[in-house]
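Numbering (the working numbering), first residue to last: 2 to 197.
Positions of the beta carbon are idealized from the N, C-alpha and C atoms, including for glycine.
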Amino acid sequence: MTALDIFQESQWEWNELEKSEWYQSVIFKLLIRPRIPRFGVMTTNCVTPPGTIPETPAVCDALVLLRTNPAMLGPPYDELEPQPLRLFADIGNMELNDPCRMCIDGGYEMTIQGLHASIIPTFGVLSQELQRYSATLTADDAEKQAMVNGILAKTSQLATTITRDDVEDFYFYYVTRSVYSELGWTGYIEGYQALV
Numbered sequence: 002m003t004a005l006d007i008f009q010e011s012q013w014e015w016n017e018l019e020k021s022e023w024y025q026s027v028i029f030k031l032l033i034r035p036r037i038p039r040f041g042v043m044t045t046n047c048v049t050p051p052g053t054i055p056e057t058p059a060v061c062d063a064l065v066l067l068r069t070n071p072a073m074l075g076p077p078y079d080e081l082e083p084q085p086l087r088l089f090a091d092i093g094n095m096e097l098n099d100p101c102r103m104c105i106d107g108g109y110e111m112t113i114q115g116l117h118a119s120i121i122p123t124f125g126v127l128s129q130e131l132q133r134y135s136a137t138l139t140a141d142d143a144e145k146q147a148m149v150n151g152i153l154a155k156t157s158q159l160a161t162t163i164t165r166d167d168v169e170d171f172y173f174y175y176v177t178r179s180v181y182s183e184l185g186w187t188g189y190i191e192g193y194q195a196l197v
């Protein structure tokens with residue numbers, strides 16, 4: 002390389018469109034998207050619920066305590082600051098044979114399959130209730146009847162068109178919202194600053 006090549010390389014930078022494309026195709030797709038739903042599974046399926054004392058601890062208890070309340074683990078961890086956002090990195094850094102990782106991956110599949118399997122029965126019951134309500138409407142309630150029939154058509158369509166990808170999108174959104182509600186936006190910003 003010549004000095005001019007080095008100079009030109011050092012002056013190179015991404016424009017906003019390139020940054021956005023890189024974030025969507027690399028960071029979001031490969032790092033964020035797989036970890037957030039697995040975080041939800043870890044916190045619901047693979048840790049001991051607060052306030053209970055099991056005979057044997059759940060497989061992810063030590064890891065979650067290390068990141069959320071290290072003082073509970075005693076020395077030398079008791080002097081560490083809680084950093085719950087580091088659990089996302091831990092999920093990605095675990096080896097595949099780690100018991101916590103196996104619990105997370107198995108629990109994720111079961112959660113998504115369970116949610117997907119419950120779609121048809123859920124929308125079926127909803128459709129039946131709408132039909133029952135529609136039968137009670139009189140001729141004077143034509144506007145309500147039209148509205149109920151529109152909703153009924155949508156519920157019937159949703160029962161047959163929701164895919165596994167849709168369920169995964171919903172679960173991703175659901176866990177993301179729960180993370181914000183648990184940490185609060187100030188906790189999220191403080192955790193982000195601790196990582197940077």
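Rounded to the nearest angstrom, what separates D167 and D6 at their Cα positions?
47 Å
Out of curiosity, what's the CA-to-CA distance linking L18 and V149?
44 Å
Rounding to the nearest angstrom, what Cα-Cα distance links D170 and A136 in this structure?
Computed Cα separation, rounded: 35 Å.
DSSP-derived helix/strand/coil call for G115
In the structure shown, G115 sits in a helix (DSSP, three-state: H, G or I).
Would you please state the rounded distance, in angstroms, between the beta carbons of R165 and I113? I believe it to be under 8 Å.
7 Å
Along the chain, where does the alpha helix (DSSP H) that runs through T123 open and close?
120-137
Closer than 8 Å is the cut-off here; do at least three beta carbon pairs connect the segment 69-79 with the segment 122-129?
no
What whole-angstrom Cβ distance do G93 and R36 have, given they're in contact under 8 Å?
6 Å
Rounded C-alpha distance that separates C47 from P85:
16 Å
DSSP three-state call for W15: helix, strand or coil?
coil
Could you round the C-beta distance between R102 and M95 to whole angstroms and report it? I think they count as a contact, below 8 Å.
4 Å
Would M43 be called buried (16 or more neighbouring beta carbons within 10 Å of its own) or exposed?
That one is buried.
Delimiting residues of the alpha helix (DSSP H) encompassing K1:
As displayed, the chain neither begins before 2 nor continues past 197, which places residue 1 out of reach and without an answer.
Status (buried if at least 16 other CB within 10 Å, exposed otherwise) for P38
Looking at its Cβ environment, which holds 16 or more other Cβ atoms inside 10 Å, P38 is buried.
So, for A90: in the same chain, excluding its five sequence neighbours on each side, which residues have a beta-carbon less than 7 Å away from its beta-carbon?
none
What is the C-beta distance between T162 and L131, in whole angstroms, given that I count them as a contact (C-beta under 8 Å)?
The pair is not a contact, with the Cβ atoms about 18 Å apart (cut-off 8 Å).
Please list the terminal residues of the continuous alpha helix (DSSP H) segment that includes F40.
34-46
Using DSSP with H/G/I as helix, E/B as strand and the rest coil, what is P77?
coil
DSSP three-state call for M95: helix, strand or coil?
coil
Under 8 Å between C-beta atoms of L116 and Y174
Taking 8 Å as the Cβ cut-off, L116 and Y174 do not qualify as a contacting pair.
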